[in-house]
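In our numbering, the protein residues as written are 2 to 343.
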């Protein structure tokens, strides 16, 4: 066995490697974020400048460092490109590092890394295109079921199921750990809990979607979010689904209210005014507009508070799920404390 010094060296080495792996995969996630919604191959062609088409050299494509080294511009044509490429790589690297610190060098860690990667891709495609690709949702669901079977009772969905049973047992006035009524091998237990979590997650958001449509007479939840919740449920289980939806709702409300308040304090709606000749307007506009003065004054809102604060619900679900996964010990302690004072 290793002594304390050797263990510390190994731990630091794996931390550095986790950061590097996360950064490298973050570069690949950038490719997926751009190409998957465009229905392009994520393998070919190689990374290239979207303006001049020149293929990037390896030293121009170093994760995190490539963007600042080039000053945010293509080396060959000088066209600027977004700093988000660098930020996605940094985000992926930091999340991979935190995941290693939380879960250690285990099989579960590999599935958590996949989980984080899929959520990074899904979040930014949802922000850019208001869609969560099916290959992300269905791929995540299959990986969640596979992880449940391979990891067994240590799978987050399985752990959440046992925690939920303990909480119900506690609320009924009974104490001690609850033994499940079923007796299954570890792999089947993990697979069953992942399947139950996926079904519960899908049903939960489907009911929200249907209820919102009936109450507000409009689409309250995209079906991509419903499928995303099935993917999350396969990883997090029944209790995790409830925690994610609750936290995501809070985050969504907080961000929206904050953005609207900031916009009203320091910003203004951007509106363009134009004077048009009535004869150049389409027929429909001429019949409905007041053209008695010989001209028509038009006010066109280009940027409003409502537009600035709006984000689809998918990113909030993803952020909440990442918090629940990486801070699961603190979340469990918080729930236990809340139940003890209830």
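Even for Gly, the Cβ is constructed at its ideal location relative to N, Cα and C.
All values derive from a computational prediction rather than experimental measurement.
For residue 196, the closest alpha carbon among the candidates 233, 88, 336 is that of 233. Nearest neighbour of residue 190 by Cα position, chosen from 146, 122, 201, turns out to be 146. About 18 Å separates the CB atoms of residue 241 and residue 150; that is not less than 8 Å, and the two are not in contact.
Beyond the five residues adjoining it in sequence on each side, residue 113 comes within less than 7 Å, by CB distance, of 100, 104, 326 in the same chain, given in chain order. Assignment of residue 30 by DSSP, reduced to helix, strand and coil, places it in the helix class. Scanning its chain for C-beta atoms nearer than 7 Å, with the 5 sequence neighbours on each side dropped, one finds around residue 22 the residues 97, in chain order.
245 is the residue among 245, 206, 47 whose C-alpha sits nearest the C-alpha of residue 322. Look at residue 77 here: in three-state DSSP terms it is coil, with no helix or strand label. For residue 244, the enclosing alpha helix (DSSP H) starts and ends at 224–267. DSSP places residue 56 in the strand class (E or B) of the three-state scheme. Looking at the DSSP output, residue 49 bridges to 56. Taking the Cα positions, residue 148 is about 17 Å away from residue 230. Counting along the chain, the unbroken alpha helix (DSSP H) around residue 70 starts and ends at 67–70. DSSP places residue 3 in no alpha helix (DSSP H); its state is neither H nor E. As the crow flies, the alpha-carbon of residue 203 is around 42 Å from that of residue 54.
Assigned with DSSP and collapsed to three states, residue 114 falls in helix. Per the coordinates, the alpha-carbon of residue 38 lies some 7 Å from the alpha-carbon of residue 134. Burial check for residue 106: the Cβ neighbour count within 10 Å stays below 16, so the residue is exposed. Between residue 201 and residue 116, the CB-CB gap reaches or exceeds 7 Å. By the C-beta density criterion, residue 90 is buried, having at least 16 other C-beta atoms within 10 angstroms. Counting the other CB atoms within 10 Å of its CB gives residue 222 a total of 16 or more, which places it among the buried residues. Contact between residue 238 and residue 158 holds: their C-beta atoms lie close to 3 Å from each other, under 8 Å. At least 7 Å separates the beta-carbon of residue 6 from that of residue 52. Rounded to whole angstroms, residue 262 and residue 254 show a C-alpha spacing of 12 Å. Annotation: residue 77 to residue 8 spans about 46 Å, alpha carbon to alpha carbon. Annotation for residue 197: the continuous alpha helix (DSSP H) segment containing it runs 187–217.
When the five nearest sequence neighbours on each side are left out, the beta carbons in the same chain lying within less than 7 Å of the beta carbon of residue 126 are those of 34, 37, 38, 132, 133, 134, in order along the chain. Taking the Cα positions, residue 111 is about 45 Å away from residue 266.
In summary, residue 228 is buried, with 16 or more beta-carbon neighbours lying within 10 Å of its beta-carbon over all protein chains present.
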